[in-house]
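Chemist: Residues in the sequence shown are numbered consecutively from 1, following the UniProt record's numbering. We put the beta carbon where it would ideally sit given N, CA and C, even for glycine.
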Amino acid sequence: MLHRAVPSLVRPLARIAPQIGYQNNQLDLSGEIREEQEQQAGKPGGGGGGGGGGDGGGGAAWQSAIATGGGIVLVAAAGLFYHYWYKWEVLRKMERAFSKGYDPVLELAQAAARESDGSVKRGRVRRKEQTYLDKVINGEISGEYLLLMGPKGVGKTSMLLDAMIANEADGCAMLEAHEDPEVVRLRLGKALDFEYNEDSFAGLFQRRDPREAGPILDIERALAKLEKVAIRFRRKRNRPMVLIVQNAHFIHDDEDGHSLLHMLQQRAEAWSQAGVLTMIFLSDNFHTYAHLKRNATRMHVLSIRDLTPFETHTFLEGTHARLYPDAPPVTKQQTLRVWDLIGGRLSYLAKVVKREDMEEAAQALVDEEKEWLHSRLGLIPDHDDDVMDEQKMSSCSFLLFQEFARLAEESSKFLLEGVKEVEEPTSDEEKRAAIELDLLNVLPDELDPKVTYRQAREIMTRPDYIVDLDAWHIINVDRYHNVRPDSRLMLSAFKAVAKEDDFQDKLDNVRDRVDFIEALHRTRELTVKTGEGDLGGFLRLRVGNLGPEHEKREEDDDDGDDDHDDDAGGDSGATQGDALEEKRAALRGAPSHTQVERHLV
């Protein structure tokens, strides 16, 4: 009601309101007075009042526009700042992944390799390749990338972990490959401390999934970031970084696996040429080397082999004495007998040395390996045709195993002489030359029965089986295309199977059975029904083109008369000729002259 009061009455009320105790602004009319004064000040000109109101509205609009624009600029500046900060943070985190310090993998490896007081365990063998790998991990060797080849359990990863322990993983990271590219993507992100932009707030403004392009492109993005970090690391430290790809043979030997392996090799070639990063691939199977060799220009292949008899004696003597202090020391004769059964494979020696009777433990491993071989490739005499493909592979494989057993039996009498002929490089120059030529721990033929890849193809008659046997760790193919048993333990299993009384009979039976079943599969049954189309009591089959010599011959008449002399005989001869022409055309698959004439008529 006060807003509608007459102005002359509002002014006296405003003057007397404080005097009657309304200080709580219940009758505060000062705003009404100011509004009235402003209206009176704007009345001198009617148009001026309108103009004054226009100027006030325009100022408010400009203020709103400036405030809105300023807010947009601040948001854009904040977003741009966050964008550059996030990129910098990604590179910083990736560089931190290669920094010197704690690594869970190293902690586990160090706990297994050292005593509680930190000293090296007794009996631990330092391999000849260790010095070279230490230099690679420390960044002293650049300009190439490595492929470490060797059977499973030979000690490839152990040597690299020892080198990483020595320098506390300074400038080094390890990635474990996998069959699934998605798992490789996650493991690469974990090794590089890279989240593939999944933790960025920039994703709030877009609905696109960062992984919708597939794992291969995400891995390429991670490698692109790693390249920037490697260049920065090279400028700061004047040495390359090292990235280890462990178990590269897990990458499938198919189109997708080749794409992933080729992408990694392209980066390895470029980085080794620039000297910013050295990649090390570890593989147990031959297919990884066969694929990388196609485009390799800076790849250095280093084959890791089993321990020699001398290194085996050092390992068994020291480790067995540490585990069994009261037992008598291990002699060289005992070591040689153990080595003859299982060889110098570290994974097998680690099992044997834990037993007090090492020879008995080695023989138990041979029996176990033989039974596993039978479960995988056992021969089944008189087998059913449903397992013919399996038995075909088994029979072809045992032909190769039989050849290995024969070579081993022939050279067994030269075992002692072969051990004496093993050359051990002593000086650093000899070791360096052996590493460059990939000839470390090469055993003489008396201790290492093998055949060439070509001979293995001829013996098995199925070269595709060689790849499967290599993947199952039954045989091993080296870079020189030599095929040998995967280990001395597997060779002992071959010899044990070949010495069985009924082995040759089983092998011959399975091969004959396979030939018989294949012959049955190639046989086709033909059923002929006689009737109106009878051709005179016999069947003529045509293979290829029909010639005149394939025609049925007409028998001569008994009376000896010339049927062509009279007209009737001539008509009869013409009719018989038309019939023969129709039969001949039917056999050829083409219409006869008579059929064509009848069709035209």
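Less than 9 Å between the C-beta atoms of L91 and K225, yes or no?
Modeler: Numbered from 1 along the sequence shown, position 91 holds the residue referred to as residue 91. Numbered from 1 along the sequence shown, position 225 holds the residue referred to as residue 225. Yes; because the gap between Cβ atoms is below 9 Å, this pair is in contact.
Chemist: Is there contact here, the region 349 to 367 with the region 424 to 440, by at least three beta-carbon pairs under 8 Å?
Modeler: These segments do not touch.
Chemist: Take residue 626 and list the residues in its own chain whose beta-carbon comes closer than 6 Å to its own, dropping the five residues that flank it on each side.
Modeler: Outside the displayed span of the chain (1 to 601) sits residue 626, for which this structure offers no information.
Chemist: What three-state label does DSSP hand L192 in the structure shown?
Modeler: One-based indexing of the sequence shown puts residue 192 at position 192. It is helical.
Chemist: According to DSSP, which residues form a beta bridge with H300?
Modeler: Working through the sequence shown from its first residue, we reach residue 300 at position 300. According to DSSP, which records beta bridges pairwise, H300 is partnered with L146.
Chemist: Within its chain, find whatever has a CB closer than 7 Å to the CB of D566; leave out the 5 residues flanking it on each side and keep chain order.
Modeler: By one-based count along the sequence shown, residue 566 stands at place 566. Low per-residue confidence applies at D566: pLDDT is 49, beneath 50, and the placement is therefore not dependable, though the value from the model is reported in the following sentence. Hits under 7 Å: none found.
Chemist: Using C-beta distances below 7 Å, list every residue in its chain close to D448, excluding the 5 sequence neighbours before and after it, in chain order.
Modeler: To locate residue 448, count along the sequence shown from 1; it is residue 448. Closer than 7 Å at the Cβ level, and outside the excluded window around D448, lie R484.
Chemist: Where does R484 sit, in a helix, a strand or coil, going by DSSP?
Modeler: To locate residue 484, count along the sequence shown from 1; it is residue 484. In this structure, R484 counts as strand in the three-state DSSP scheme.
Chemist: To which residues of the same chain is R305 closer than 6 Å at the C-beta, ignoring the five residues directly before and after it?
Modeler: On the sequence shown, residue 305 is found 305 positions in, with the first residue counted as 1. Once the five neighbours on either side are set aside, the close Cβ partners of R305 are N441.
Chemist: Alpha carbon to alpha carbon, how far is G139 from R234?
Modeler: Position 139 of the sequence shown, counted from the start, is the residue given in the question as residue 139. Position 234 of the sequence shown, counted from the start, is the residue given in the question as residue 234. Rounded to whole angstroms, G139 to R234 spans 10 Å at the Cα level.
Chemist: Within the continuous beta strand (DSSP E) that includes I141, where are the two ends?
Modeler: Stepping through the sequence shown from its first residue, residue 141 is reached at position 141. Taken as a continuous stretch (DSSP letters only), I141 belongs to no beta strand (DSSP E), as it is neither H nor E.
Chemist: Three or more C-beta pairs closer than 8 Å, one from the region 176 to 196 and one from the region 140 to 160: is that the case here?
Modeler: Because the criterion of three Cβ pairs below 8 Å is not met, the region 176 to 196 and the region 140 to 160 do not touch.
Chemist: Residues in its own chain within less than 6 Å of K87 by CB, not counting five upstream and five downstream?
Modeler: Within the sequence shown, numbered from 1, the residue matching residue 87 stands at position 87. For K87, where only same-chain residues beyond five positions count, there are no Cβ hits under 6 Å.
Chemist: Which of the three DSSP states is assigned to S427 in this structure?
Modeler: Here the question's residue 427 lines up with position 427 in the sequence shown. In the structure shown, S427 sits in coil (DSSP, three-state: anything other than H, G, I, E or B).
Chemist: For V451, which residues does DSSP report across the bridge?
Modeler: Taking the first residue of the sequence shown as position 1, residue 451 is located at position 451. DSSP, once it has assigned bridges, lists V483 as partnering V451.
Chemist: Measuring CB to CB, does H262 end up less than 9 Å from S283?
Modeler: Locating residue 262 in the sequence shown gives position 262, where the first residue counts as 1. Locating residue 283 in the sequence shown gives position 283, where the first residue counts as 1. The answer is no: Cβ separation not under 9 Å.
Chemist: On the three-pair Cβ rule with 8 Å, is the region 236 to 246 touching the region 173 to 186?
Modeler: Contact between the region 236 to 246 and the region 173 to 186 is present, because at least three Cβ pairs lie under 8 Å.
Chemist: Quick check: is the beta carbon of A67 nearer than 9 Å to any beta carbon in chain B?
Modeler: Protein chain content of the structure displayed is limited to a single chain, and chain B is not contained in it.
Chemist: Judging by CA-CA distance, which residue of P325, R298, R337, N295 is the nearest neighbour of H313?
Modeler: For the purposes of this step, residue 313 is taken as residue 313 along the sequence shown, with counting starting at 1. With distances taken between Cα atoms, H313 lies closest to R337.
Chemist: Kindly confirm or deny that the region 313 to 327 and the region 445 to 465 touch, where touching means at least three C-beta pairs closer than 8 Å.
Modeler: Contact fails: fewer than three Cβ-Cβ distances are below 8 Å.
Chemist: What residue range does the alpha helix (DSSP H) around S347 cover?
Modeler: Walking along the sequence shown from the start, residue 347 turns up at place 347. From DSSP, the alpha helix (DSSP H) with S347 extends over 346 to 352.
Chemist: Sort F310, K135, R457 by Cα distance to I280 and report the nearest one.
Modeler: To locate residue 280, count along the sequence shown from 1; it is residue 280. Ranking F310, K135, R457 by Cα distance to I280 puts K135 first.
Chemist: Spatial neighbours of residue 604 within its chain, please: C-beta separation below 8 Å, excluding the five flanking residues on both sides.
Modeler: Within the shown structure, residues of the chain are numbered from 1 to 601, placing residue 604 beyond reach of any answer.
Chemist: Hey, would you say R307 sits closer than 9 Å to R345, going by beta carbons?
Modeler: Reading the sequence shown from its first residue, position 307 is the one you call residue 307. Reading the sequence shown from its first residue, position 345 is the one you call residue 345. Position check: residue 307 holds Leu in this sequence, whereas Arg was assumed. Contact flag set, yes.
Chemist: Look up E176 in the DSSP assignment and say whether it is helix, strand or coil.
Modeler: Here residue 176 corresponds to residue number 176 of the sequence shown, with the count starting at 1. Strand.
Chemist: Going by C-alpha distance, which of R96, L74, A163 is nearest K128?
Modeler: Locating residue 128 in the sequence shown gives position 128, counting from the first residue. That would be A163, whose Cα lies nearest to the Cα of K128.
Chemist: Let me check one thing: in DSSP terms, what residues is N441 bridge-paired to?
Modeler: Working through the sequence shown from its first residue, we reach residue 441 at position 441. According to DSSP, which records beta bridges pairwise, N441 is partnered with nothing at all.
Chemist: Count Cβ pairs between the region 467 to 475 and the region 384 to 391 that sit closer than 8 Å; are there 3 or more?
Modeler: Contact between the region 467 to 475 and the region 384 to 391 is absent, because fewer than three Cβ pairs lie under 8 Å.
Chemist: Report the rounded CA-to-CA distance for Y348 versus E409, giving the unit in angstroms.
Modeler: Here residue 348 corresponds to residue number 348 of the sequence shown, with the count starting at 1. Here residue 409 corresponds to residue number 409 of the sequence shown, with the count starting at 1. Each residue's alpha carbon lies about 22 Å from the other.
Chemist: For L400, which residues does DSSP report across the bridge?
Modeler: By 1-based counting over the sequence shown, the position of residue 400 is 400. Answer by DSSP bridge pairing: none, since L400 is not bridged.
Chemist: On the DSSP letters alone, give me the boundaries of the alpha helix (DSSP H) that F98 sits inside.
Modeler: The sequence position of residue 98 within the sequence shown is 98, counting from 1. Note, F98: premise wrong, no alpha helix (DSSP H); not H, not E.
Chemist: Below 8 Å on the Cβ atoms is my guess for E369 versus L507; work out the distance and round it to an integer in Å.
Modeler: Along the sequence shown, read from residue 1 onward, the residue named residue 369 stands at position 369. Along the sequence shown, read from residue 1 onward, the residue named residue 507 stands at position 507. The pair is not a contact, with the Cβ atoms about 19 Å apart (cut-off 8 Å).
Chemist: Ends of the beta strand (DSSP E) at T282?
Modeler: Your numbering for residue 282 matches position 282 in the sequence shown. As written in the sequence, residue 282 is Leu, which differs from the Thr given in the question. Element bounds for L282: 277 to 283.
Chemist: So, at 8 Å on beta carbons, what are the nonlocal neighbours of I219 in its own chain, with the 5 sequence-adjacent residues on each side left out?
Modeler: As a working note, residue 219 is residue 219 in the sequence shown. Same-chain partners within the cutoff: P181, V184, R185, L188, L260, M263.
Chemist: Can you tell me where the alpha helix (DSSP H) holding N167 begins and where it ends?
Modeler: Your numbering for residue 167 matches position 167 in the sequence shown. Residues 156 to 167.
Chemist: Am I right that residue 651 and V497 are in contact with their C-beta atoms under 8 Å? What's the rounded C-beta distance?
Modeler: No answer is possible for residue 651: the residues shown for the chain start at 1 and end at 601.
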